[in-house]
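Undergrad: Per my numbering, residue 1 is the first one in the sequence shown, and the count goes up by one each step. Just so you know, even glycine gets a beta-carbon here, dropped at the ideal spot from N, CA and C. The structure's right below; bear with me while I get my questions together.
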Amino acid sequence: DEVLIKVHAVSINDWDWGLLQGIPFMNRLLNGLLKPKKRILGSDVAGRIEVVGKNVTWFQIGDEVYGDLSGDWGGFAEYVCARENALALKPASMTFDEAAAIPQAAMLAIQGLRDKGQIQPGQKLLINGAGGGVGTFAVQIAKLYGVEVTGVDSSGKLDMLRSMGFDQVIDYTQEDFTKNGQRYDLILDVKTNRSIFDYTRALSPNGIYVTVGGSMARLFQALLLGPLISRISKKNIRIVALKPNKDLAYMNELFEAGKVKPVIDGPFKLSEVPQAIRCFGEGNHKGKVVITLEHHNKT
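Put into structure tokens, the structure is as follows:
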């Protein structure tokens, strides 16, 4: 049930950075104490199918596909094997770079807002860590629901956030959104770098806080204390357990309708993977960091 993909583009995610750094420590226990068990990382890939396994029924040679290969990895290469259920057909109007930017970030944004956040028209939404991959997808999706969106990030990303339709932007180095008196119906947290009690202070009564990533210590705090806080205060604390590739068909619809477009930083070359990962790790990137393979322009 596997296919061989000629990779044309791949993007970088938190998992790539965490596995290389060995953080959190649980990553070392599960994926190698001294070095990653998987020698080739990279999960969000886009490319063309070169070979199909005998049990493959969904795709054929020549199909242009994309998807999230988390757990199997191997995307930082010219070719990678992938299970067919990890892939979706790429629309003809979507570039390989755009396709590679979508899988994890867009799925977290959709599932965080729609499934865990239960987003509703007219709400006030705050996105913490708004300028990365998840945040730039989330604001576009949120606007489809007719909500007011505030974005929190560093000063170098604020102009980009404004251009994307954020109603308000906050430079986290200058203002603490948990102490400015504003209250939000929904907080989508990409960073999870504060105490859970700080976030609940910024929620309106019956508000919902959703975390999609961040430090393991803060995630454990949300996991352990969230149910108690929800019971006492009626403010809901929720964690997204990513369902990879679940909504790729939905993303195809949004993209082809012109409602959502990936924001791409780069692209870098395959030979520049270390620089691309460094760019991601420093946190100064805008949208998704994408790597384009050199043979992409020859086929």
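(1) Taking SER204 as the reference, give the member of ARG39, GLN123 and SER11 with the closest Cα.
(2) Among residues of its own chain, excluding the 5 on either side of LEU126, which ones have a beta-carbon nearer than 6 Å to its beta-carbon?
(3) Find out if the Cβ-Cβ distance for the pair ASN128, LYS191 is shorter than 7 Å.
(4) What residues are listed by DSSP as bridge partners for ARG238?
(5) Say whether the stretch 97 to 114 touches the stretch 233 to 246, bearing in mind that this needs 3 or more beta-carbon pairs closer than 8 Å, one atom from each stretch.
(6) My parser needs the beta strand (DSSP E) runs of 3 or more residues fully inside the stretch 93 to 166; what are they?
(7) How would you write the range of the alpha helix (DSSP H) that VAL273 sits in, first residue to last?
(8) Tell me the rounded alpha-carbon separation between THR299 and VAL7.
(9) Going by the DSSP bridge assignment, what does GLY47 pair with across the sheet?
(10) For the beta strand (DSSP E) that GLN168 lies in, which residues bound it at each end?
(11) Taking Cβ to Cβ, would you say ILE237 is nearer than 7 Å to ALA222?
(12) Classify GLN104: buried if its beta carbon has 16 or more other beta carbons within 10 angstroms, exposed otherwise.
(13) Check whether the stretch 251 to 268 and the stretch 92 to 101 touch, using three or more Cβ-Cβ pairs below 8 Å as the test.
(14) Please report the residue range of the beta strand (DSSP E) in which LEU188 lies.
TA: Concretely, from the data shown:
(1) Among ARG39, GLN123 and SER11, the Cα nearest to that of SER204 is on GLN123.
(2) Cβ neighbours of LEU126 beyond the five flanking positions: THR150, TYR184 and ILE187.
(3) Against a cut-off of 7 Å, the Cβ pair of LYS191 and ASN128 comes out as a contact.
(4) Answer is VAL210.
(5) Yes, the stretch 97 to 114 is in contact with the stretch 233 to 246.
(6) Runs of the beta strand (DSSP E) lying entirely within the stretch 93 to 166 and spanning at least 3 residues, in chain order: 124 to 128 and 148 to 153.
(7) From DSSP, the alpha helix (DSSP H) with VAL273 extends over 273 to 282.
(8) At THR299 the pLDDT is 48, less than 50, meaning the model places this residue with poor confidence and gives no usable figure here.
(9) Looking at the DSSP assignment, GLY47 forms a beta bridge with VAL7 and VAL65.
(10) Per DSSP, the continuous beta strand (DSSP E) segment holding GLN168 begins and ends at 168 to 171.
(11) It is a contact, given that the beta carbons lie within the stated cut-off.
(12) By the C-beta density criterion, GLN104 is buried, having at least 16 other C-beta atoms within 10 angstroms.
(13) Judged by Cβ distances under 8 Å, the stretch 251 to 268 makes contact with the stretch 92 to 101, as three or more pairs qualify.
(14) 184 to 189 is the span of the beta strand (DSSP E), which, as asked, contains LEU188.
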